[in-house]
Amino acid sequence: MDSTDLVVLRKSVAWLQAGHRLALATVVQTWGSAPRPLGSWLVIREDGQVIGSISGGCLEDDLIRRVRSDILTQTKPQVVTYGVTKDEAARFGLPCGGTVRIVVEPQPDLALLQALLQRILNKRLTVRELDLQNGTSVLRDASRADVVSFDGQVMRTVYGPRWRLVVVGAGQLSQYVCQFALAADYEVVVVDPREEFMEGLEMAGVDFRRGMPDDVILEIGVDNHTAVLALTHDPKLDDMALLEALKSSAFYVGALGSRTSTAKRRERLALFDLSAEEIDRLYGPVGLFIGADTPPEMALSILAEVTAAKHRVPILQKRQIASAELSTRHEVIETLSAPTGL
26 MDSTDLVVLR KSVAWLQAGH RLALATVVQT WGSAPRPLGS WLVIREDGQV
76 IGSISGGCLE DDLIRRVRSD ILTQTKPQVV TYGVTKDEAA RFGLPCGGTV
126 RIVVEPQPDL ALLQALLQRI LNKRLTVREL DLQNGTSVLR DASRADVVSF
176 DGQVMRTVYG PRWRLVVVGA GQLSQYVCQF ALAADYEVVV VDPREEFMEG
226 LEMAGVDFRR GMPDDVILEI GVDNHTAVLA LTHDPKLDDM ALLEALKSSA
276 FYVGALGSRT STAKRRERLA LFDLSAEEID RLYGPVGLFI GADTPPEMAL
326 SILAEVTAAK HRVPILQKRQ IASAELSTRH EVIETLSAPT GL
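When the sequence shown is numbered by our numbering, its final residue is 367 and no position is left out of the sequence of numbers.
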């Protein structure tokens with residue numbers, strides 16, 4: 026789940042434990058342009074204090090008023106809709122024609138929210154089903170294919186690490202990539218069997234594994250909610266990872282390297298049991314071209330490209346960059362990322 030929404034969950038639990046009355050609001054349906062994605066949360070305390078966002082600010086004031094004056098006195102969840110007409114959309118500052126439907130739960134169950142929080146901390150992907158007729162919720166295990174839905178009676182919301190990033194290599198560049206990925210709410214797995222990286226990435230939230238990259242990729246079961254980055258700058262390790270990742274359904278597979286080294290890598294991969302279409306899935310040189318010449322800047326460009334692939338945004342920029350300039354930039358990063366440069 027989004028890190029902002031995790032803060033909402035933690036605060037809801039804390040406020041309920043402290044004896045406060047509160048209402049939990051969840052975005053369940055949108056039409057047209059919407060400021061916040063489905064499943065976004067906002068918690069409103071009885072004194073008007075709020076944590077989270079359902080609209081980026083344009084609806085919160087009115088919803089706070091409704092909660093304090095009416096909804097907190099109810100015993101069952103309520104459905105609130107904004108932006109049905111153009112006049113109402115303009116009144117609340119919604120994009121023209123946009124509509125947002127929100128389920129608001131007065132005094133949600135503390136035990137259930139505590140259980141949900143624990144499941145999320147244990148990285149268990151979870152669906153919560155809320156029955157609006159009686160106000161009861163249940164939790165069950167989910168798959169990465171589950172999505173937020175609302176049929177007018179039952180709200181189904183998904184929590185936990187729906188997206189995963191597998192990073193091959195525990196070097197300096199990987200450290201920055203992991204930091205950005207964790208901030209973007211990825212489940213992060215780092216793979217590196219090299220002795221010089223025995224200690225791995227000592228970073229909370231990162232699953233460090235010392236197996237061989239191809240074995241780990243097969244072990245964890247890469248799916249279409251997984252991205253794979255080969256960042257060791259060691260063909261023996263990177264290519265092993267790519268051989269399995271390119272045959273998988275991963276939504277993104279990228280490898281560090283200049284255009285020259287990327288071309289050589291493609292030639293090597295063609296010697297194995299990969300089709301031309303599978304090899305063509307490789308993103309290389311990895312990352313959007315933003316003039317990056319330090320590991321943190323390169324990590325930013327990498328996560329930007331992964332994000333574009335995640336949202337299926339066409340990445341055309343590299344075709345417009347001079348090959349020599351792009352190669353020079355990536356050769357600098359390769360040098361900075363090599364073990365001797367750590």
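Heads up, the beta-carbon is just placed ideally off N, CA and C, and yes, glycines get one too. Here the structure is a predicted model, which means the values were calculated and not measured.
6 Å CB neighbourhood of residue i in its chain, flanking five on each side removed
i: Ile-96; result: Ala-48, Gln-103, Val-129, Pro-131
i: Val-53; result: Arg-126, Val-128, Phe-175, Met-180
i: Gly-160; result: Lys-101, Pro-102
i: Val-247; result: Ser-273, Ala-275
i: Ile-315; result: Ser-326
i: Asp-411; result: Here the chain covers residues 26 to 367 and nothing more, so residue 411 does not appear.
i: Pro-339; result: none
i: Arg-344; result: Unreliable placement is indicated for Arg-344, whose pLDDT of 47 sits below 50; the coordinate value is still reported in the next sentence. Around Arg-344: no qualifying Cβ.
i: Leu-296; result: none
i: Ala-317; result: Met-323, Ser-326
i: Thr-55; result: Val-125
i: Ser-208; result: For the sequence presented, residue 208 should be read as Ala rather than Ser. Taken in chain order, the list of residues that qualify is empty.
i: Lys-224; result: The question names Lys, but residue 224 is Glu in the sequence shown. Nothing listed; no residue qualifies.
i: Val-331; result: Ala-252, Tyr-277
i: Thr-353; result: With a pLDDT of 47 at Thr-353, under the threshold of 50, the modelled position of that residue is not reliable, and no figure is offered here.
i: Ile-245; result: none
Whole-number beta carbon distance between residue j and residue i, since they are thought to touch under 8 Å
i: Gly-230; j: Val-253; result: In fact, because the Cβ distance is near 18 Å, the residues do not count as touching under 8 Å.
i: Arg-293; j: Asp-264; result: 6 Å
i: Cys-203; j: Val-192; result: 6 Å
i: Leu-307; j: Leu-267; result: 7 Å
i: Gly-73; j: Arg-93; result: 6 Å
i: Val-216; j: Gly-236; result: 7 Å
Cβ neighbours of residue i in the same chain (closer than 8 Å, five flanking residues each side left out)
i: Lys-148; result: Gly-185, Pro-186, Glu-212
i: Val-32; result: Ile-76, Gly-77
i: Thr-106; result: Thr-124, Val-125, Arg-126, Ile-127
i: Ser-162; result: Pro-133, Asp-134, Leu-137, Arg-153, Glu-154, Leu-155, Asp-156
i: Leu-226; result: Ala-195, Ser-199, Gln-200, Cys-203, Val-215, Phe-233
i: Thr-15; result: For residue 15 there is no data in the structure shown, the boundaries of the chain being 26 and 367.
i: Tyr-243; result: A small fix is needed here, since residue 243 is Leu in this sequence, not Tyr. The answer, listed in chain order, is Glu-269.
Sequence-distant residues of its chain with Cβ nearer than 7 Å to residue i (five each side left out)
i: Gln-158; result: Gln-178
i: Lys-36; result: Val-68, Ile-76
i: Leu-142; result: Leu-34, Arg-35, Val-38
i: Phe-205; result: Ala-324, Leu-325, Leu-328
i: His-45; result: Arg-70, Glu-71
i: Arg-169; result: Leu-150, Arg-187, Asp-248, His-250
i: Ile-89; result: Ile-69, Gly-73, Val-75
i: Asp-171; result: Val-152, Val-183
i: Gln-139; result: Val-38
Residue i versus the options, residue with shortest Cα-Cα distance
i: Lys-101; options: Leu-150, Leu-155, Trp-56; result: Leu-155
i: Ala-167; options: Asp-240, Leu-146, Pro-260, Thr-151; result: Thr-151
i: Ala-334; options: Gly-312, His-258, Arg-90; result: Gly-312
i: Leu-41; options: Ala-50, Arg-70, Thr-332, Arg-61; result: Arg-70
i: Leu-62; options: Ala-209, Gly-44, Val-173; result: Note that residue 62 corresponds to Pro in the displayed sequence, not to Leu. The shortest C-alpha separation from Pro-62 is found at Val-173.
i: Glu-43; options: Ile-79, Leu-135, Ala-50, Arg-165; result: One point to set straight first is that residue 43 is Ala, not Glu, in the sequence displayed. Cα-wise, what sits closest to Ala-43 is Leu-135.
i: Pro-321; options: Asp-30, Ile-145, Gly-73, Gln-200; result: Gln-200
i: Thr-51; options: Leu-84, His-45, Ser-326, Ala-39; result: Leu-84
i: Trp-188; options: Ile-245, Glu-244, Thr-251; result: Thr-251
i: Asp-239; options: Ala-255, Asn-249, Glu-224; result: Ala-255
i: Ser-65; options: Gln-74, Ser-80, Trp-56, Arg-144; result: Ser-80
i: Ile-304; options: Glu-330, Ala-317, Tyr-277, Thr-319; result: Tyr-277
i: Thr-182; options: Ala-195, Arg-46, Arg-165, Asp-210; result: Arg-165
i: Ile-145; options: Ala-295, Glu-244, Arg-234, Asp-210; result: Asp-210
i: Pro-260; options: Lys-289, Asp-318, Glu-244; result: Lys-289
i: Asp-87; options: Thr-257, Ala-208, Gly-108; result: Gly-108
i: Val-241; options: Leu-207, Met-228, Asp-171, Leu-190; result: Leu-190
Distance cut-off 8 Å: residue i Cβ against heavy atoms of the ligand FMN
i: Arg-235; result: What this structure holds is no ligand at all, so the ligand FMN is not there to describe.
Could you pull out every unbroken alpha helix (DSSP H) segment of at least 4 residues lying fully inside the stretch 124-185, listed in chain order?
135-146
Would you call the stretch 217-227 and the stretch 270-283 in contact, with 3 or more CB pairs under 8 Å?
Touching, no, given that fewer than three Cβ pairs across the two stretches are closer than 8 Å.
Pairing CB atoms from the stretch 298-305 with CB atoms from the stretch 268-277, are three or more of them under 8 Å?
Touching, yes.
Write down every uninterrupted run of the alpha helix (DSSP H) in the stretch 196-277 whose length is 4 residues or greater and which is fully enclosed by it, in chain order.
Here the runs fully enclosed are 197-208, 238-245, 260-270.
Starting from the N-terminal side, write out each stretch of the alpha helix (DSSP H) that is 4 residues or longer and does not extend beyond the stretch 58-111.
85-94
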